[in-house]
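From first to last, the protein sequence lines stand for chains A and B. Note that the UniProt record's numbering gives residue 52 to position 52 of the first sequence, counting from 1, and the numbers run on in steps of one. Note that the UniProt record's numbering gives residue 13 to position 13 of the second sequence, counting from 1, and the numbers run on in steps of one. A virtual CB, placed ideally from N, CA and C, is assigned to each residue, including glycine. Below is one structure, written out as C-alpha cells; comments come after it.
There are 2 protein chains.
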Amino acid sequence: MARDDHPDHPGRQDKAGRSTAWTDPACPVARTVDLVGDRWSLLIIRDAMDGARSFTDFQQRTGIARNILADRLRRLTAAGLLTQVEAGPGKRRPYALTQAGKDLFPVIVTLRQWGERHAFEPGETHSVLVDGDGAPVPDLLPVAADGSPLTSDTTSVRHVP
Amino acid sequence: MARDDHPDHPGRQDKAGRSTAWTDPACPVARTVDLVGDRWSLLIIRDAMDGARSFTDFQQRTGIARNILADRLRRLTAAGLLTQVEAGPGKRRPYALTQAGKDLFPVIVTLRQWGERHAFEPGETHSVLVDGDGAPVPDLLPVAADGSPLTSDTTSVRHVP
DNA sequence: TCCGATCAGTTGCAAAACGAAACCAATCGA
DNA sequence: TCGATTGGTTTCGTTTTGCAACTGATCGGA
C-alpha cells in the first residue's frame with residue numbers, strides 16, 4: 001500500500017474536496033451534524049432507505065435543486081454513507097447506502113417519531129412507519145443497562161482526555 | 001380569547017417571523033429537519049440538555065456567531081422547543097428546554113451513537129454518554145412491537161391520505 | 001443502427017444565509 | 001456609583017443555495 005492511503009473514516013470535506021476542521025472535534029453529536037446536519041442530507045438518506053437509487057429518484061422525491069443534489073451525493077459518498085455500485089462498463093451506477101449509511105436508521109426513526117408527536121396539529125394526517133406486519137413501530141427511548149428509562153437529566157457526558 | 005391566537009404547533013418561520021411552507025408537508029422526518037436540520041440548532045439543543053441557560057453559555061460552548069445564535073434562539077423559541085423562564089421585573093430570563101425540546105433527547109442520543117461508531121478513527125478519543133451510575137448508555141435500536149430488531153429493509157412508510 | 005427521449009450531471013447568475021467585528025443599551029456586582 | 005458583563009443588533013463581506021439553461025452520455029424502440 002502507498003503512504004497516502006485513505007483513512008477508515010473520511011471526515012468532512014468542502015465542495016472542492018479539501019478536508020475541513022470539525023466544529024467540535026471531541027463531540028460525536030457535533031461530528032455527525034457536521035456530516036449530515038443540513039437541510040437535505042438526511043432527506044436523501046431517508047429516500048435511499050425508502051428505495052431511491054438514481055439521481056432523478058432523489059431529485060423528484062426531495063425536490064432539491066440539481067446542483068445541490070449533485071454536491072450532496074458527492075459529499076455523502078466521500079463521507080462513506082453512500083456508494084455507487086458497479087454495473088458493467090458504460091453502464092449507469094446506481095447509488096446505494098453503505099453500512100454506515102444504513103446505520104443512520106435509528107436517527108431517521110427518532111426524527112420521525114419526534115415529528116409525528118410535535119410537528120403536526122392534532123387532527124393533521126401524516127405518514128407512519130410500520131413493521132413487516134403493518135404494525136406501527138414503537139417509540140425509541142433511551143434506557144440504562146438495567147432497562148430503566150433515561151432522560152437528559154439522568155445522563156451526563158463524560159469527557160475523556 | 002382573540003381571533004388570531006397562536007396554534008398548538010407553531011410550524012416553520014423565516015427570520016422575519018413569516019410562516020413558511022414545509023419542505024415535505026406529509027413527512028414527519030422532513031418537518032423535523034425543517035425545524036432543527038441546520039448546522040447549529042441541534043448543537044444548541046445538545047448544550048441546553050447539558051446545562052446551558054444563558055446567551056453566553058450557548059455562545060461559548062458552540063462558538064457560533066452571535067447574530068446567528070440570536071436568530072436560532074429566537075427561532076427555536078418560536079417553534080416551541082425553548083422558552084425563556086420569568087425571573088422577576090428587570091431580570092434576565094434564562095433559556096430552558098420545553099417538553100418538546102426535551103423530547104429531542106432520543107434524536108441527540110442516536111446522533112451521538114452513530115458518531116461514536118462512524119465518525120472517529122479507531123483509536124481516537126471522544127466523549128461518552130453515561131447513566132447515573134457512570135455506565136455507558138446502550139445503543140438505541142428500533143424494534144417491532146414483539147421486540148424483534150428492525151432495519152430500513154424490514155419497515156415501510158404507510159402514506160395516509 | 002438510427003434517433004428521439006431520458007438521465008446525470010455542469011454552468012452562470014441572482015438571492016439568501018452565514019460569519020466576523022464593531023457597536024449599544026441594560027443589568028450585575030463590588 | 002461605576003466599571004464589567006450580558007444580551008443582543010448592525011454592518012458588511014463571504015459562502016451557500018436555488019433556478020434555469022445547457023451538455024454529453026445512455027437507453028430503448030423502430
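request  = Give me whichever residues DSSP pairs with Gln-13/A in a beta bridge.
outcome  = Ser-19/A
query = Span of the alpha helix (DSSP H) holding Ala-100/B?
reply = 99-102
inquiry  = Please report the distance separating the alpha-carbon of Val-157/B from that of Leu-82/A.
reply    = 21 Å
request  = Please work out which residues of its chain come closer than 7 Å, Cβ to Cβ, to Thr-20/B, disregarding the five sequence neighbours upstream and downstream, and give them in chain order.
outcome  = Arg-12, Gln-13 and Asp-14
Buried or exposed (CB count within 10 angstroms, at least 16 for buried), Asp-133/A = exposed
message = So that I know if they touch, is there some Cβ in chain A lying closer than 8 Å to that of Ala-100/B?
response = So, interface residue.
ask   = Counting only runs that start and end within the UniProt domain "HTH hxlR-type" (27-123) of chain B, where is the beta strand (DSSP E) found for 3 or more residues in a row?
value = Complete beta strand (DSSP E) runs here, min 3: 82-84 and 95-97.
key: Proximal chain A residues relative to Thr-83/B, where beta-carbon distance stays under 8 Å   = Those within 8 Å of Thr-83/B in chain A number zero; the least Cβ separation is about 14 Å.
request  = Would you check if there are 3 or more beta carbon pairs closer than 8 Å linking the stretch 22-34 of chain A to the stretch 81-98 of chain A?
outcome  = no
inquiry  = Going by beta-carbon coordinates alone, are Arg-74/B and Gly-37/A separated by less than 8 Å?
reply    = no
message = Looking only at its chain, what residues have a beta carbon closer than 7 Å to the beta carbon of Ala-52/A, apart from the 5 residues adjacent to it on each side?
response = Phe-58 and Arg-61
task = Using 10 angstroms around the beta-carbon of Gly-101/B, count the other beta-carbons present and answer buried if the total reaches 16, otherwise exposed.
result = buried
query = Taking one C-beta from the stretch 145-161 of chain B and one from the stretch 147-154 of chain A each time, how about it: are there three or more such pairs within less than 8 Å?
reply = no
task = Name, please, each residue of chain B whose Cβ falls closer than 7 Å to the Cβ of Leu-141/A.
result = Pro-106
message = Please tell me whether Leu-43/A has its Cβ less than 8 Å away from any Cβ of chain B.
response = For Leu-43/A, the answer is yes, since a Cβ of chain B falls inside 8 Å of its Cβ.
query = With respect to the beta strand (DSSP E) encompassing Asp-131/A, which residues constitute its N-terminal and C-terminal limits?
reply = In the DSSP assignment, Asp-131/A falls within the unbroken beta strand (DSSP E) covering 128-131.
inquiry  = Applying the 10 Å Cβ sphere with the 16-neighbour rule, what's the burial state of Val-143/A?
reply    = exposed
Contacts that Gly-123/A makes with chain B (C-beta to C-beta distance below 8 Å) = Residues of chain B passing the Cβ test: none, with the nearest at roughly 11 Å.
task = Sort Thr-110/B, Ile-45/B and Gly-88/B by Cα distance to Leu-69/B and report the nearest one.
result = Check the Cα spacing between Leu-69/B and each of Thr-110/B, Ile-45/B and Gly-88/B: the tightest is with Ile-45/B.
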